[in-house]
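Order-wise, the sequence lines are chains H and U.
For the first sequence, our numbering gives the first residue as 145, with consecutive numbering after it.
For the second sequence, our numbering gives the first residue as 28, with consecutive numbering after it.
Accompanying notes for the structure given below.
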Amino acid sequence: MSSILKIALKLLVNDRSKFIALLVGITFAVFLMIMMMSMFSGILSRSSSSVYNVGAKIWVMDPAVNNATSSIPMPDYVLSSARSINGVKYAVPIYFGNALVKLKSGAYQAVSVVGLDDATLYGRPELIEGKIEDIYAESAFIVVKDAEFKKLESPAVGTEFEINDHRGLVVGLAKVASGGLFGIPTVYTTYHRAITYIPSMRFTTSYILIEPKHESDIPFIQQQIKKLGYQALTRDQFVRKISDFYTYQTGMGMNVLMMTAISFIVGLSISGQTFYTFILENLERFGALKAIGAKGNELIKMILFQASFTALIGYGLGVGLASALMILAKLRLPSYAAQVTYTNLTFAFFMVLIMAGVSSYIGIRKVLQIQPFDIFRG
Amino acid sequence: MGNVAIKANALVKWFGEGEAKTTAVKSASFEADFGELLYIVGPSGSGKTTLLSMISGILKPNEGSVLVEGKDIWQMKSDDIADLRLHKIGFVFQDYHLFPRLTTVENVAIPLILKKMDWNEALKVGLEYLEIVGLKDKAQLQPVKLSGGEQQRVAIARAIAGKPDILIFDEPTASLDGDTGRKIVEFVKTKILNPERCVIIVTHDSRIYEYADSIMKMEDGNIIAFERNTNAIPYMSHEK
Numbered sequence: 145m146s147s148i149l150k151i152a153l154k155l156l157v158n159d160r161s162k163f164i165a166l167l168v169g170i171t172f173a174v175f176l177m178i179m180m181m182s183m184f185s186g187i188l189s190r191s192s193s194s195v196y197n198v199g200a201k202i203w204v205m206d207p208a209v210n211n212a213t214s215s216i217p218m219p220d221y222v223l224s225s226a227r228s229i230n231g232v233k234y235a236v237p238i239y240f241g242n243a244l245v246k247l248k249s250g251a252y253q254a255v256s257v258v259g260l261d262d263a264t265l266y267g268r269p270e271l272i273e274g275k276i277e278d279i280y281a282e283s284a285f286i287v288v289k290d291a292e293f294k295k296l297e298s299p300a301v302g303t304e305f306e307i308n309d310h311r312g313l314v315v316g317l318a319k320v321a322s323g324g325l326f327g328i329p330t331v332y333t334t335y336h337r338a339i340t341y342i343p344s345m346r347f348t349t350s351y352i353l354i355e356p357k358h359e360s361d362i363p364f365i366q367q368q369i370k371k372l373g374y375q376a377l378t379r380d381q382f383v384r385k386i387s388d389f390y391t392y393q394t395g396m397g398m399n400v401l402m403m404t405a406i407s408f409i410v411g412l413s414i415s416g417q418t419f420y421t422f423i424l425e426n427l428e429r430f431g432a433l434k435a436i437g438a439k440g441n442e443l444i445k446m447i448l449f450q451a452s453f454t455a456l457i458g459y460g461l462g463v464g465l466a467s468a469l470m471i472l473a474k475l476r477l478p479s480y481a482a483q484v485t486y487t488n489l490t491f492a493f494f495m496v497l498i499m500a501g502v503s504s505y506i507g508i509r510k511v512l513q514i515q516p517f518d519i520f521r522g
Numbered sequence: 028m029g030n031v032a033i034k035a036n037a038l039v040k041w042f043g044e045g046e047a048k049t050t051a052v053k054s055a056s057f058e059a060d061f062g063e064l065l066y067i068v069g070p071s072g073s074g075k076t077t078l079l080s081m082i083s084g085i086l087k088p089n090e091g092s093v094l095v096e097g098k099d100i101w102q103m104k105s106d107d108i109a110d111l112r113l114h115k116i117g118f119v120f121q122d123y124h125l126f127p128r129l130t131t132v133e134n135v136a137i138p139l140i141l142k143k144m145d146w147n148e149a150l151k152v153g154l155e156y157l158e159i160v161g162l163k164d165k166a167q168l169q170p171v172k173l174s175g176g177e178q179q180r181v182a183i184a185r186a187i188a189g190k191p192d193i194l195i196f197d198e199p200t201a202s203l204d205g206d207t208g209r210k211i212v213e214f215v216k217t218k219i220l221n222p223e224r225c226v227i228i229v230t231h232d233s234r235i236y237e238y239a240d241s242i243m244k245m246e247d248g249n250i251i252a253f254e255r256n257t258n259a260i261p262y263m264s265h266e267k
C-alpha cells in the first residue's frame, strides 16, 4: 500500500466512532438487501422445485399455465401427437395434484401428489429407503423426506395412512433436489393411482414430459406443439416463466424491489451523511495538505480509497451477517427458503459501489472546493 | 542559488466585483533573501495574509509576478506550483492544522510521504525532525495530547521535514502565551534559519520583533515601510 493511502487509512480507522457509524450504515444496508433478495431467490427457486425435481428437458403445457402447481389438464391426444413428432425420443404424462391425508392423530394434512407415468416412472425421485418397484404395490406411495416430512408424523416404510378416503401405504422414502414453496409434504405414486385417488376433470394430464433425441430437435418440437395449441418449454424456459409470474404478477417482485430500494436508500443516507461529516471535519486538514503540496488527484485517491475500503468491509460484514442469520434460521426452520446467489451478491456489491461512489463524490467535491488560502484565512 | 529567495513585483489582489470589490493588496513589491528572517506586520485587514498567500503559490494575484528562486511561479501549471510548494516552501499555519488522528511523528512525515518517500523511511526522518524540535519522546502521541507550544513545534518540524528553502509562518504566536511565543521564535531564529533558508513570518505580535532581520509594515493593502532591524538577534543554525 502506498504511503499516502496508509495516511488515508489511518485518518479513517483512527476516527473510530465515524468509522463504526459508516460500517454500521453499509453493513445494515447490505444485510437488508441480501436478506430481501435471498428470500426472494429462495421463493423463486422453491416455486420451480417440481421442475427441478422431475428434471425433464421439455415440458408441454397449456399456454395459460403460469406456475408448476397450477396446471391445466390436457387431453390425451396431445400426448399421442407429441410422441409422433420427429425428434421426440419419448414422451410421458405426469400428474400434479393435491390430496388430504388423515394422520394417525386424526388431524388432516394437505399433501402434494405427483403421479409418475406407470410405464417408465419418468421423473421419479432418488430413494433413500425402500425399492422403486414397490410403487406398483397396492395403495403404494413414496414419501419425500424433506423439511415437511414431519408434518406426516415422520412415517416409516410400511406405515399405513388415509389419503382422500383411500388406503395409502408408504413403500419408500425419497429425497429431492429442492423443497416445495407452500410448506406441504410431497408424495409420489403412479399416474393411474393418482388420478384414481384424486378427483379430477375430464382430462388428467398435467404436463407431458418430452425427451428429445438431440438438443437441436427442441425448436422443431416446440414448433409442432405450438401447432397443436399448446406450449413446449425447456426446463430453463419453464423456470423463467414461473419466476416471471411470481415476480411480475403477484406483487412479490415489486415488494422485494421496494424493500431493496429502501435498504439501499437507508444505507446510502447513513454512509453518505457520515462520510460527508467525516470529510467536513477533516476539510481544513485536506486544505492544509493542499497547501503543503498535495495535488488534487492525490486527495481524490485518498477519499476514494477511504470510501471503497469502508464499503468493502461493510459489504463483507453485511454478507456475513445475512449468511449467518440464514444458517441460524435454517437450523431452526428447515424449510426456510432464503438462498444467497451470485446474482444477489453481485447486485448488492454493485449497490455498495454506488454508495461508495456517491459518498466519495460528495467528499471529493467538497475537498476540491477548499482552497489553501481558506486555511490561511482561518 | 542566488541570494534572493522571493521577489514580489507589483502584486495586486482584489476580491469581489463591482460595488463589492475590495482590493486587499495594492501593488506590493519587495524581496526576501536567503538567511533572512522577514516579518510582515500590520493590523488585521492590512493584506498580510493575502500577500503571504500570493508569494507562496497559494493565491493567484490579479496583477504582478512572484519569482521564487528566480522562477515566475504564476506562469506555472497548478500541479507544478503544488510541486514547488512541496519541495521549496514549508508552511506553519496559525492553527497548526495537525491531523488529530495521526501520531506526532506521522504528522511530521506528511511532506515526506507526499514526496513519495517510503512509509518507514518517512517516519524515521520524521523522528529526526522531532528530535530537532525537542519532541522525540512524544513521537507516538496524538497532537491533542500536546500543549500549544509543543503543537507549534510539531508544525515546525512538519514544515522543515521536507527541507524547504523558504519557510512561511502565519501568526505563529497568536495562540501562545508571550513566553512560549518568544521561545518558539527564538527557536526558529537559532535552529531553523540558516544561510540557505529564508523565513517569513506574518505577525502583529510586537513582542517578537527583536528576532526579525527585516520588518515589512503593511496598512490598507500597501507596504508602508521596509526596515532592517539592526538590533536583531543573530541566528545560530543547527539544522540543514
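Even for Gly, the Cβ is constructed at its ideal location relative to N, Cα and C.
- For residue 241 of chain H, the beta-bridge partners assigned by DSSP are H:257.
- Separation of residue 401 of chain H and residue 413 of chain H (C-alpha to C-alpha, rounded to the nearest whole angstrom) is 18 Å.
- 7 Å or more divides the Cβ of residue 200 of chain U from the Cβ of residue 66 of chain U.
- The three-state secondary structure of residue 358 of chain H, taken from DSSP, is coil.
- For residue 145 of chain U, the residues of chain H that pass the 9 Å Cβ criterion are 147, in the order they occur in the chain.
- Beta-bridge annotation (DSSP): residue 375 of chain H is paired with H:205.
- Contact residues of the segment 67-84 of chain U toward chain H are 76, 79 and 80 (C-beta to C-beta distance below 7 Å).
- Chain H places a beta carbon closer than 7 Å to that of residue 106 of chain U, counting this residue as a contact.
- Contact of residue 449 of chain H with chain U by beta-carbon distance below 8 Å is absent, the smallest such distance being about 14 Å.
- Within the same chain, Cβ atoms closer than 8 Å to the Cβ of residue 140 of chain U are found at 146 and 149, the five residues on either side in sequence being excluded.
- By the Cβ rule, the segment 172-190 of chain U does not count as touching the segment 29-39 of chain U, because fewer than three pairs are nearer than 8 Å.
- If one requires a minimum length of 3 residues, the beta strand (DSSP E) runs lying completely within the segment 71-136 of chain U are 90-95 and 116-119, in chain order.
- DSSP places residue 321 of chain H outside both helix and strand once states are collapsed to three, so it counts as coil.
- Of H:277, H:272, H:314 and H:164, the smallest CA-CA separation from residue 263 of chain H is found for H:277.
- Taking a contact as a CB-CB distance under 8 Å, the pair residue 148 of chain H and residue 445 of chain H counts as one, their CB atoms being some 7 Å apart.
- Residues of the same chain with a CB within less than 7 Å of the CB of residue 479 of chain H, apart from the 5 flanking positions on each side, are 291, 292, 323 and 327 in chain order.
- In this chain, the beta strand (DSSP E) harbouring residue 36 of chain U covers 31-42.
- Listed along chain U, the residues sitting closer than 8 Å to residue 154 of chain H by beta-carbon distance are 128, 129 and 133.
- For residue 175 of chain U, the secondary structure class from DSSP, reduced to helix, strand or coil, is helix.
- Three or more Cβ pairs closer than 8 Å define a contact, and the segment 438-452 of chain H falls short of that threshold against the segment 473-492 of chain H.
- Distances from the alpha-carbon of residue 155 of chain U to those of U:133, U:172, U:173 and U:115 put U:133 closest.
- In terms of beta-carbon proximity, residue 384 of chain H stays away from the interface with chain U, with every pair separated by 7 Å or more.
- Residue 140 of chain U has a beta carbon lying within less than 7 Å of a beta carbon in chain H.
- Between the beta-carbon of residue 240 of chain H and that of residue 189 of chain H there is about 18 Å, and that puts the pair past the 8 Å contact cut.
- Closer than 7 Å to the CB of residue 509 of chain H there is not a single CB belonging to chain U.
- Taking the Cα positions, residue 253 of chain U is about 25 Å away from residue 210 of chain U.
- The residues 175, 176, 179 and 211, in chain order, have a CB closer than 7 Å to that of residue 203 of chain U in the same chain once the five nearest residues on each side in sequence are set aside.
- Taken atom to atom, the span from the alpha-carbon of residue 506 of chain H to that of residue 442 of chain H is near 16 Å.
- Ranking H:206, H:157, H:170 and H:184 by CA distance to the CA of residue 373 of chain H puts H:206 first.
- Pairing residue 245 of chain H with residue 462 of chain H gives a Cβ-Cβ distance that is not under 7 Å.
- With 16 or more other Cβ atoms from the protein chains shown falling within 10 Å of its own Cβ, residue 185 of chain H counts as buried.
- DSSP lists H:204 and H:237 as the bridge partner or partners of residue 352 of chain H.
- For residue 484 of chain H, the secondary structure class from DSSP, reduced to helix, strand or coil, is coil.
- The distance from the Cβ of residue 408 of chain H to that of residue 177 of chain H is about 6 Å, consistent with a contact at the 8 Å cut-off.
- Residues of chain H with a Cβ closer than 9 Å to the Cβ of residue 193 of chain U do not exist; the shortest Cβ-Cβ separation is about 13 Å.
- Using beta-carbon distances, residue 253 of chain U does not count as an interface residue toward chain H, since no partner is under 7 Å.
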